[in-house]
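Single-structure report; data block below.
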Ligand SMILES: C[S@@+](CC[C@H](N)C(=O)[O-])C[C@H]1O[C@@H](n2cnc3c(N)ncnc32)[C@H](O)[C@@H]1O
């Protein structure tokens with residue numbers, strides 16, 4: 723599938739797939755949305771309530787932007803598992819401008835994340851271990867009650883509806899600890915009803931720029 727680089731409204735790059743008419747991040751601002759949805763409404767509240775290691779599962783590792791932002795903003799130890807069936811080519815990764823846009827000196831950290839082997843738990847920095855899983859989510863055996871946070875960053879329901887169906891969602895819920903959070907940019911009604919039917923407390927929060935709402939769900 724052809725992938726192209728695009729610049730979003732906050733100046734950060736993302737990847738566009740013409741065949742799906744879908745981008746990897748919000749065109750209203752890729753870094754801005756990732757920081758709001760996954761860091762501000764995921765990582766920060768969870769770490770405020772816990773001094774232990776935070777275990778994160780990301781559905782759709784993609785360019786590694788969420789992993790990079792997590793390492794930069796984390797206040798404690800992180801074990802990060804990111805699944806992706808279709809890893810992004812290095813040639814495209816090298817055209818992304820995250821490091822310049824975020825500022826600071828994070829190139830060693832990002833390169834370590836991007837170059838780490840797939841399907842192995844790897845120490846990419848002090849207090850940050852990363853396991854990139856090259857597999858379809860449909861084939862993944864989710865460890866039960868293991869994760870504190872799920873970053874649900876699949877392509878949108880219009881582009882890839884199967885990711886938002888109950889089979890995938892029940893796998894996510896199974897992987898969360900009691901009290902754990904699933905956070906996503908999506909606010910689709912059926913998706914929220916399905917999470918409720920799986921026993922989650924579902925909250926609609928104001929969305930990032932350009933979007934009315936986002937969703938955070940807690941495992942009861
Ligand atoms: C919205 S993008 C993720 C963006 C990413 N979080 C980032 O910051 O760059 C969705 C990702 O889901 C991956 N994907 C699509 N179908 C999948 C599947 N069945 N199982 C696992 N990953 C899948 C795609 O390859 C893509 O990288």
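Numbering (the working numbering), first residue to last: 723 to 942.
Quick reminder that beta carbons are idealized off the backbone N, C-alpha and C, glycines included.
Sheet register partners of residue i (DSSP bridge)
i           : result
residue 853 : 803, 843
residue 726 : 738
residue 777 : 801
residue 928 : 935
residue 765 : Beta-bridge pairing links residue 765 to no other residue.
residue 898 : 869
residue 941 : 922
residue 744 : 739
Assigned secondary structure, residue i (DSSP; H/G/I helix, E/B strand, else coil)
i           : result
residue 915 : helix
residue 758 : helix
residue 907 : coil
residue 749 : coil
residue 920 : coil
residue 889 : helix
residue 818 : coil
residue 771 : coil
residue 788 : helix
residue 808 : coil
residue 834 : helix
residue 796 : coil
Option nearest residue i by Cα separation, candidates the options
i           : options            : result
residue 817 : 887, 863, 729, 921 : 729
residue 841 : 828, 783, 724, 830 : 783
residue 734 : 724, 741, 745      : 745
residue 777 : 903, 919, 937      : 903
residue 864 : 804, 732, 767      : 804
residue 851 : 742, 932, 793, 942 : 793
residue 893 : 814, 881, 872      : 872
residue 712 : 874, 741, 917      : What the structure shows of the chain is the stretch from 723 to 942, and residue 712 is not part of that stretch, so it cannot be assessed.
residue 916 : 814, 932, 889      : 889
residue 918 : 931, 887, 929      : 887
residue 795 : 808, 769, 835      : 769
residue 823 : 751, 929, 808      : 751
residue 914 : 931, 901, 874      : 874
residue 819 : 868, 808, 832, 809 : 832
For residue j and residue i, the rounded distance between their alpha carbons
i           : j           : result
residue 891 : residue 899 : 14 Å
residue 844 : residue 802 : 10 Å
residue 772 : residue 798 : 9 Å
residue 942 : residue 922 : 6 Å
residue 739 : residue 877 : 11 Å
residue 760 : residue 905 : 6 Å
residue 788 : residue 920 : 26 Å
residue 885 : residue 779 : 15 Å
residue 837 : residue 855 : 13 Å
residue 951 : residue 847 : Since the first and last residues shown for the chain are 723 and 942, residue 951 lies out of range.
residue 927 : residue 934 : 9 Å
residue 732 : residue 936 : 19 Å
residue 925 : residue 939 : 6 Å
residue 743 : residue 826 : 33 Å
Go through the region 861-887 residue by residue and report every complete run of the beta strand (DSSP E) that reaches 3 residues or more, in order. 869-874
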